[in-house]
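Number of protein chains: 4
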Amino acid sequence: MNKPDFHFPKTLEKLKRGGPAVTLPKDAGMVIAYSGIGKDSKVVELGTGTGFMTVQLANIVKEVITYEKRREFAELAKQNIKKAGLNNVVIKEQDVLKGFDDEDVDLVFCDIAEAEKIVENAYSILKKDGCFAAHCLNIEQAKSLFLELKKHFKDVFMTECMTREYEVRDFGTRPQHFGLMHTAYLVFAKK
Amino acid sequence: MNKPDFHFPKTLEKLKRGGPAVTLPKDAGMVIAYSGIGKDSKVVELGTGTGFMTVQLANIVKEVITYEKRREFAELAKQNIKKAGLNNVVIKEQDVLKGFDDEDVDLVFCDIAEAEKIVENAYSILKKDGCFAAHCLNIEQAKSLFLELKKHFKDVFMTECMTREYEVRDFGTRPQHFGLMHTAYLVFAKK
Amino acid sequence: MNKPDFHFPKTLEKLKRGGPAVTLPKDAGMVIAYSGIGKDSKVVELGTGTGFMTVQLANIVKEVITYEKRREFAELAKQNIKKAGLNNVVIKEQDVLKGFDDEDVDLVFCDIAEAEKIVENAYSILKKDGCFAAHCLNIEQAKSLFLELKKHFKDVFMTECMTREYEVRDFGTRPQHFGLMHTAYLVFAKK
Amino acid sequence: MNKPDFHFPKTLEKLKRGGPAVTLPKDAGMVIAYSGIGKDSKVVELGTGTGFMTVQLANIVKEVITYEKRREFAELAKQNIKKAGLNNVVIKEQDVLKGFDDEDVDLVFCDIAEAEKIVENAYSILKKDGCFAAHCLNIEQAKSLFLELKKHFKDVFMTECMTREYEVRDFGTRPQHFGLMHTAYLVFAKK
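In structure tokens, the structure reads:
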């Protein structure tokens with residue numbers, strides 16, 4: 080059983096991966112498509128990690144402001160963003176549980192534990208109809224976040240994106256026997 | 080068993096759906112994320128349909144050139160693109176099986192039957208490392224396309240994106256019992 | 080979107096369904112296959128409901144002892160078992176949270192809320208290498224049960240069985256667009 | 080990425096696996112549950128392989144007649160059936176494409192290539208409402224079989240059983256990241 084191919088686009092291939100789990104293209108795609116962000120959007124990211132999602136977002140939108148409390152990740156992310164050739168990202172080395180501010184934001188993307196604690200703050204910086212999206216590592220975190228979002232946001236939903244790759248040969252086609260079965264629970268809401 | 084919510088972002092909500100099946104956000108997200116397109120990209124779309132995917136692409140990239148051979152769909156797409164407030168789309172009322180040209184394209188997105196017939200033409204207009212992506216309605220079409228792509232492109236793969244939404248309540252969390260199980264087979268390749 | 084066909088075998092088609100959700104053949108199949116029960120086995124079922132699973136088990140094994148605390152379900156189950164032409168079932172109208180006894184049992188199948196409360200009792204009536212299996216309606220229940228089983232049993236695992244049916248036509252094959260996405264979490268353990 | 084645990088019940092654990100892919104418990108469970116076979120049933124199996132499915136069937140039903148054309152597999156199957164302590168199996172070393180006969184059969188289970196060629200023969204030996212079930216290694220084989228079954232049988236359907244196992248820990252629950260994504264397409268029909 081070999082490691083599956085995550086199909087990173089060219090921009091991501093060059094980046095360095097550190098400790099934290101990255102948001103894979105399949106999940107980044109869900110966030111981009113459901114939020115409807117585009118080239119005029121402003122995005123705030125909570126939890127930069129190594130900057131994989133930051134790069135995927137900044138490649139599309141006008142401006143990304145991203146928060147990371149751990150110095151070593153902020154540094155790694157800075158290098159990755161530079162390698163990707165992007166100049167529309169601001170990294171703030173700051174703990175978002177202690178607060179963050181901004182305004183008229185189109186998307187708040189959140190990839191931290193205890194995401195339920197920043198729900199009200201996220202609401203306050205979004206524009207009307209702006210989207211909140213989160214990448215949750217387990218169902219307990221996703222549930223806590225979902226229930227808190229329900230108190231403030233509309234159109235709250237929790238979903239999961241499962242991809243399955245195929246073996247295609249002239250004589251026979253079938254899904255691969257082994258592969259990536261799960262990455263994260265995704266939770267969305269609209270202001 | 081109610082119709083599931085496809086979670087269209089705001090831009091898509093206003094659009095008119097005609098006959099052809101649309102590319103839903105979940106599949107549009109895969110195409111955007113795996114291709115790595117961004118705000119500087121040029122995209123050629125083969126098979127406009129009602130313009131749902133056109134709008135999702137044009138919202139992100141610099142320029143979309145889209146081909147549709149049936150007058151009624153081209154007209155509907157024009158209205159939808161206008162409703163979405165986008166002015167970076169060129170619709171060509173033309174049968175792509177008879178040929179199409181362009182150059183330095185970042186992504187060719189294809190949503191037509193017999194997609195295997197345009198593989199060479201698509202290759203010719205893509206830039207190096209440019210991406211080919213297709214939305215196939217059945218596995219026979221996806222297979223024919225895959226095998227033809229293998230002759231010309233690198234990194235050919237076929238995948239499927241399955242989403243599953245959750246019921247989240249304080250006393251109990253589980254996936255929804257009924258819902259959308261399948262939309263399309265997605266085939267990707269790199270020049 | 081029509082109700083999906085659950086593909087009940089002939090024996091189940093005649094049965095009457097009351098209030099409680101039944102264990103569908105796909106999940107019954109998992110329990111039968113992973114437990115390895117056969118024609119010489121003795122099974123204890125906790126939570127008869129309308130007797131759908133009782134009938135599926137009794138059709139295969141030597142003897143089923145099943146517990147149901149609610150009179151109306153016990154009555155319905157009795158009728159269903161009779162309709163199915165089975166005479167190897169004993170129904171006990173009794174609340175299993177207050178205790179149950181037996182010995183040398185090959186499989187304890189459990190379909191009640193708060194299943195974690197009967198784990199020790201279930202352990203005591205199983206033979207060595209006997210199997211415990213449960214059908215859980217949400218992930219919170221499944222988790223509580225799993226963690227309690229870990230304290231007493233070996234080979235504890237939690238799984239889910241997802242089926243997807245296909246449209247097969249000469250000109251094109253694909254999974255059905257809409258259908259049954261989830262029924263239950265299944266938890267297994269071995270004594 | 081480790082090999083996933085297939086959760087073989089005790090009877091299967093001791094068996095020897097040779098070349099051919101075995102029918103795993105999850106798929107055996109589908110066949111048992113959808114066909115409704117029980118302790119009074121007679122089953123004919125086409126394609127014994129190493130006898131994994133033979134053992135799973137014979138553990139449940141009254142009598143299994145199984146066909147295998149390759150001597151080495153027939154021998155291995157014989158040993159496996161003996162190891163499992165079963166004495167209700169007849170192995171016939173014979174190529175089923177050249178014909179087979181029996182009568183009043185409750186289930187014909189088929190695990191051979193070109194299964195579409197034995198459809199009429201299978202029909203002839205089944206009792207009324209008897210079940211045909213097949214384990215197909217790719218979608219092309221499954222489709223050919225399905226279309227041929229439609230000409231003779233009722234209630235034809237093609238499905239797939241996907242299981243997903245969970246990591247359950249006090250602090251967080253989620254599906255396993257990597258695992259078994261696909262085994263076989265299953266095709267069913269009723270006489």
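The listed protein sequences derive, respectively, from chains A, B, C and D. As numbered in the numbering used here, the first sequence has no gaps in its residue numbers, which increase by one up to the final residue, 270. As numbered in the numbering used here, the second sequence has no gaps in its residue numbers, which increase by one up to the final residue, 270. As numbered in the numbering used here, the third sequence has no gaps in its residue numbers, which increase by one up to the final residue, 270. As numbered in the numbering used here, the fourth sequence has no gaps in its residue numbers, which increase by one up to the final residue, 270. Ideal Cβ positions, reconstructed from N, Cα and C, are used throughout, including at glycine. Predicted model, so just to flag it, every value in this text is computed and none were measured.
- With respect to the 8 Å criterion, C:LYS222 and D:THR252 are classified as neighbours on the basis of their beta carbons.
- For C:GLY108, the three-state secondary structure derived from DSSP is helix.
- Around the beta carbon of A:GLY128, 16 or more other beta carbons sit within 10 angstroms, so the residue counts as buried.
- At a cut-off of 8 Å between beta-carbon atoms, D:CYS240 makes contact with chain C.
- The Cβ of A:TYR245 sits closer than 8 Å to at least one Cβ of chain B.
- The Cβ-Cβ distance between B:ILE197 and B:VAL184 does not fall below 8 Å.
- Annotated three-state conformation of B:GLU142 is strand, per DSSP.
- Between the C-alpha atoms of A:VAL175 and A:LEU125 there is a straight-line separation of about 7 Å.
- For D:VAL187, the uninterrupted beta strand (DSSP E) segment begins and ends at 184 to 189.
- Judged by DSSP secondary structure, C:ARG248 falls within the beta strand (DSSP E) whose first and last residues are 233 to 248.
- Of the candidates D:GLU239, D:VAL247, D:MET241 and D:LEU228, the residue whose Cα lies closest to the Cα of C:LEU226 is D:VAL247.
- The C-beta of C:THR252 comes closer than 8 Å to at least one C-beta of chain D.
- Contiguous alpha helix (DSSP H) elements confined to the region 161 to 228 of chain D occur at 198 to 204, taking only those with 4 or more residues.
- Contact between B:THR238 and B:LEU265 holds: CB atoms are separated by about 5 Å, below the 8 Å threshold.
- Boundaries of the beta strand (DSSP E) around C:LEU259: 257 to 259.
- For B:GLU219, the C-beta contacts it makes with chain C under 8 Å involve PHE250, GLY251 and THR252, in order along the chain.
- Taking 9 Å as the Cβ-Cβ cut-off, the region 128 to 143 of chain B approaches chain A at GLN135, ALA137, ASN138, ILE139, VAL140 and LYS141, given in chain order.
- At least 8 Å separates the beta-carbon of A:VAL134 from that of A:VAL122.
- In terms of Cβ geometry, C:TYR146 and C:LYS177 do not form a close pair [threshold 8 Å].
- If you draw a 10 Å sphere on the C-beta of D:PHE211, you find 16 or more other C-beta atoms in it, and that means buried.
- Around the beta-carbon of A:ALA107, 16 or more other beta-carbon atoms lie within 10 Å, marking it buried.
- Look at the region 254 to 269 of chain A: the residues with a C-beta under 9 Å from a C-beta of chain D are PRO254, GLN255, HIS256, PHE257, GLY258, LEU259, MET260, HIS261, THR262, ALA263 and TYR264.
- In chain order, PHE267 place their CB closer than 6 Å to the CB of D:TYR113, counting only its own chain and leaving out the 5 sequence neighbours on each side.
- The criterion of a C-beta distance shorter than 8 Å is not satisfied by C:CYS215 and C:ALA201.
- Residues of the region 190 to 217 of chain C whose Cβ lies closer than 8 Å to any Cβ of chain B, in chain order: LEU216 and ASN217.
- DSSP, reduced to helix, strand and coil, places C:LEU136 within a helical segment of the structure shown.
- Annotated as proximal: D:ASN138 and C:GLY117, with beta-carbon spacing under 8 Å.
- Sequence-distant partners of C:HIS261 (beyond 5 residues in either direction) whose C-beta falls short of 8 Å from its own C-beta, in its chain, are GLU239 and MET241.
- In the DSSP assignment, A:GLU92 falls within the unbroken alpha helix (DSSP H) covering 89 to 92.
- At a cut-off of 8 Å, the C-beta of D:ALA100 has no neighbouring C-beta in chain C.
- Under DSSP, the beta-bridge partners assigned to D:LYS121 are D:GLU142.
- The continuous stretches of beta strand (DSSP E) do not include B:ALA100, and DSSP gives it neither H nor E.
- By the neighbour-count criterion, in which 16 or more other beta carbons inside 10 Å mark a residue as buried, A:ASP84 falls on the exposed side.
- Straight across, the Cα-Cα distance linking C:PHE131 with B:PRO104 is about 40 Å.
- For A:LEU136, same chain residues with a beta-carbon under 6 Å away, outside a window of 5 residues either side, are VAL122 and VAL143 in chain order.
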